[in-house]
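For reference, the structure discussed in these notes is given below.
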Amino acid sequence: MERFEKPVLIVKNLRKQFGHGCGECEALESDKLKKNYCPVCGTVYGCQDVSFEVYPGEILGVVGESGSGKSTMMKCLYFDENVTCGEAYINTYKNGESNVFEESSQQKRYIRNNLLGKVYQNPILGLKMDFSSIGNIAEKLIAAGSRRVGEMEERGRQLLEHVNIPVFRIKEEVKNFSGGMQQRVQIAKALSNNPPLLLLDEVTTGLDLSVQANVLDLIKEIQHELGISMIVVSHDLGVIRMLADRTIVMLNGRIIEQGLTDQILEDPQHPYTQQLVHSLL
Amino acid sequence: MMDLLRIENLSKSFTLHNLRKHISACENINILLKKGEFIGITGRSGSGKSTILKSIYRTNLPEWGDIWYNSERFGLINLARAKEREVIYLRKHEIGYVSQFLSVMPRTTSCQIVEQAVVEMGKDKEYAKEEAEKILKHFDLDRELWDSYPNTFSGGEKLRLNIARAMIKRPRLLLLDEPTASLDNTSKLRVRELIEQLKNEGTTMLGIFHDLKFMEGLCDKEFNMDKGIITN
Ligand SMILES: Nc1ncnc2c1ncn2[C@@H]1O[C@H](COP(=O)(O)OP(=O)(O)OP(=O)(O)O)[C@@H](O)[C@H]1O
Ligand SMILES: [Mg+2]
Ligand SMILES: [Zn+2]
Chain U
1 MERFEKPVLI VKNLRKQFGH GCGECEALES DKLKKNYCPV CGTVYGCQDV
51 SFEVYPGEIL GVVGESGSGK STMMKCLYFD ENVTCGEAYI NTYKNGESNV
101 FEESSQQKRY IRNNLLGKVY QNPILGLKMD FSSIGNIAEK LIAAGSRRVG
151 EMEERGRQLL EHVNIPVFRI KEEVKNFSGG MQQRVQIAKA LSNNPPLLLL
201 DEVTTGLDLS VQANVLDLIK EIQHELGISM IVVSHDLGVI RMLADRTIVM
251 LNGRIIEQGL TDQILEDPQH PYTQQLVHSL L
Chain Y
1 MMDLLRIENL SKSFTLHNLR KHISACENIN ILLKKGEFIG ITGRSGSGKS
51 TILKSIYRTN LPEWGDIWYN SERFGLINLA RAKEREVIYL RKHEIGYVSQ
101 FLSVMPRTTS CQIVEQAVVE MGKDKEYAKE EAEKILKHFD LDRELWDSYP
151 NTFSGGEKLR LNIARAMIKR PRLLLLDEPT ASLDNTSKLR VRELIEQLKN
201 EGTTMLGIFH DLKFMEGLCD KEFNMDKGII TN
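Residue numbers (my numbering), protein chains in the order written: chain U, 1 to 281; chain Y, 1 to 232.
Here you go:
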């Protein structure tokens, strides 16, 4: 059957290794690795052979234990790290025909500023703490080529209102804000350039439950209202169940299973996924 | 009459790795469902009824066999092998699933739940709200409940909300997963009335029931399951 929709993002065989590799570990089928680590040369394979697609308006969930490569994958997609090898195609960039991992660093900056948004678990990585929330948004807009102060301020206000930051606090330094508020500012900032794809890495981890609920509601609302595609990484299956249509399960840098979220939860195939799901119930 | 769904030799087993167990849930199931028909499946608990329904909806991954569904969007499509995104599309537009349990986003009112089902189909919010109110009225959910969170609803209220959410999409195929379980007799009779109403409106349904007494005279065909096989 002909494809009835075009992916927003296609990732093929993404690999990220830390270390040079050796004869023992370079063939990735090799059983020499201990989890993701080569005991001979000390190379860590953060991601190996990761392939998946993200479709318009969907939330793709990514779960897996600590160290399974979720953040490494997200960093590669946002160019925080260079991949060792692999391909990624963004539908709205050069017609989805150019492997963005092979673009120049200037082009990567363009993609990051204009086509992607990212929200980090640790707000320090995503925000300038001594800037105001509106200042943080302006920074992203300027990076995306915006020059009109009035327009930027208007857009910033709108977004901050959308994520429920009280208007009278938008000029305050974000370091004064609570964790939940900082996450909401990060989300507003990530949305400011209207990206077709949003990357969210453990954005609710460490927040207390009611704040977590509030941020999750916001994410769902953004999906409903703006139809932006998202990759949501979480080690919390509850978060994934609530947000994601489809889910990827990672272990030792590899995708071991992917499927409809309810299918992953009710009929998991891989022993590791079964263990993960059963520890939830 | 057009064949809407044709299940051919469906078998499904579960492998529980850490328990080293292999459980056969259903074997060699063949069911033909024509447009406008209502088929009822009964059987004791654990006999494999839900596995069939969940295989159609793809909450379970079918193992062997085919599930041919006549889709408006895709034409004839094998649900056992369809791509996940195709299944998501069908869930949004063509195939409804109703169980006794209500799985919804927390902190969402009943009216919003039904509205979202309409928005999912690409309709605008205002229209969704109008339609949602119409259908909640149609299925007789107390007006006071429209703006409350359903986690406190009674079984019967949850069910009516569930049916409203599924029916607002006017699904070509409606799967009913023991909708009457755990309801008292009065509520069961109301469900019967609901189903009768859906049937008169032309909805094609495949339903599993612990006990078909309540559905007597409604089903066009009945299957009985025992230990994973259809016995009649
Ligand atoms: N800069 C680095 N140098 C060496 N190894 C690294 C580096 N960054 C990540 N790794 C390794 O790559 C693997 C994947 O790490 P990653 O941070 O992606 O895991 P994760 O799935 O995000 O885990 P968590 O759930 O704990 O956030 C780990 O074994 C990690 O130690
Ligand atoms: Mg991480
Ligand atoms: Zn090595």
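Note that beta-carbon positions come from the ideal geometry of N, C-alpha and C, so glycine has one too.
A quick note: this is a predicted structure, and the numbers were derived from the prediction, not measured.
Strand pairing of residue i, partner residues [DSSP]
i, result
"Y:Asn78", "Y:Trp68"
"U:Ala88", "U:Val11"
"Y:Phe153", "Y:Phe153 is not bridged to any residue."
"Y:Asn224", "Y:Thr42"
"U:Glu173", "U:Ser132"
"U:Gly259", "U:Thr247"
"Y:Tyr97", "Y:Leu175"
"U:Leu197", "U:Leu116 and U:Ser229"
"Y:Leu206", "Y:Ile39 and Y:Leu175"
"Y:Val87", "Beta-bridge pairing links Y:Val87 to no other residue."
Integer Cβ distance of residue i from residue j, believed to fall under 8 Å
i, j, result
"Y:Leu174", "Y:Val98", "7 Å"
"Y:Ser55", "Y:Ile41", "13 Å between Cβ atoms; not a contact."
"U:Arg157", "U:Val167", "7 Å"
CA-to-CA distance, residue j to residue i, given in whole angstroms
i, j, result
"U:Met1", "Y:Ser71", "Residue confidence is low: U:Met1 scores 45 on pLDDT, short of 50, so the model does not pin down where it sits. Its coordinate-derived value is still stated next. Taking the straight line from one Cα to the other gives about 13 Å."
"U:Thr261", "U:Gly61", "8 Å"
"U:Leu200", "U:Lys220", "12 Å"
"U:Lys16", "Y:Arg160", "50 Å"
"U:Leu141", "U:Glu173", "18 Å"
"U:Thr273", "U:Ile264", "8 Å"
"Y:His210", "Y:Leu183", "12 Å"
"Y:Leu53", "Y:Asn30", "13 Å"
"U:Asp31", "U:Phe177", "48 Å"
"U:Cys76", "U:Val63", "17 Å"
"Y:Leu136", "Y:Lys49", "29 Å"
"U:Thr204", "U:Leu216", "8 Å"
"U:Phe18", "Y:Glu115", "48 Å"
"Y:Val87", "Y:Gln197", "27 Å"
"Y:Gly228", "U:Pro271", "24 Å"
"U:Val149", "Y:Glu63", "59 Å"
Bounding residues of the beta strand (DSSP E) (the contiguous stretch that carries residue i)
i, result
"U:Ser229", "Ser229 to Val233"
"Y:His22", "Lys21 to Lys34"
"Y:Leu10", "Asp3 to Leu16"
"U:Gln48", "Val44 to Val54"
"Y:Val118", "Careful: Y:Val118 lies outside any beta strand (DSSP E), inside the alpha helix (DSSP H) at Ser110 to Val119."
"U:Gly64", "Ile59 to Gly64"
Cutoff 6 Å; reference residue i; Cβ partners in own chain excluding five residues on either side
i, result
"Y:Leu5", "Leu33 and Tyr69"
"U:Met181", "none"
"U:Ile187", "Val119 and Val163"
"U:Gly96", "Tyr89"
"U:Cys38", "Cys25"
"Y:Tyr199", "In the sequence as displayed, the identity of residue 199 of chain Y is Lys instead of Tyr. Here the set comprises Phe38."
"U:Asp236", "none"
Own chain partners of residue i with C-beta closer than 7 Å, once the 5 adjacent residues on each side are dropped
i, result
"U:Glu58", "Ser229, Asp245 and Arg246"
"Y:Leu102", "Pro150, Lys158, Leu161 and Asn162"
"Y:Met121", "Lys92, His93 and Lys169"
"Y:Gln100", "Gly155, Leu159, Glu178, Pro179, Ala181 and Ser182"
"U:Val288", "This structure cannot settle anything about residue 288 of chain U, because the visible part of chain U is limited to 1 through 281."
"U:Ala138", "Met152 and Gly156"
"U:Val83", "Leu14, Arg15, Lys16, Cys76 and Phe101"
Range of the contiguous alpha helix (DSSP H) that encloses residue i
i, result
"Y:Ile168", "Looking at the DSSP string, Y:Ile168 is not in any alpha helix (DSSP H), and its letter there is neither H nor E."
"Y:Leu136", "Lys125 to His138"
"U:Ser133", "Ser133 to Ala143"
"U:Lys70", "Lys70 to Leu77"
"U:Cys160", "Note that residue 160 of chain U is Leu in the sequence shown here, rather than Cys. Per DSSP, U:Leu160 belongs to the alpha helix (DSSP H) from Val149 to His162."
"Y:Leu189", "Asn185 to Asn200"
"U:Gly180", "Gly179 to Leu191"
Other residues of its chain near residue i: CB distance less than 8 Å, five sequence neighbours each side excluded
i, result
"Y:Gly65", "Ile7, Glu8, Asn9, Leu10, Ser11, Asn28, Ile29 and Ala80"
"U:Gly126", "Lys118, Val119, Tyr120, Gln186, Lys189 and Ala190"
"U:Lys128", "Gly135, Asn136, Glu139 and Val174"
Check: residue i C-beta below 6 Å from any heavy atom of ligand 4
i, result
"Y:Ser154", "As for ligand 4, it is missing from this structure, which binds only ligand 1, ligand 2 and ligand 3."
Proximal residues, the stretch 112 to 138 of chain Y versus chain A, C-beta separation under 8 Å: No chain A appears in the structure shown, which is made up of the protein chains U and Y.
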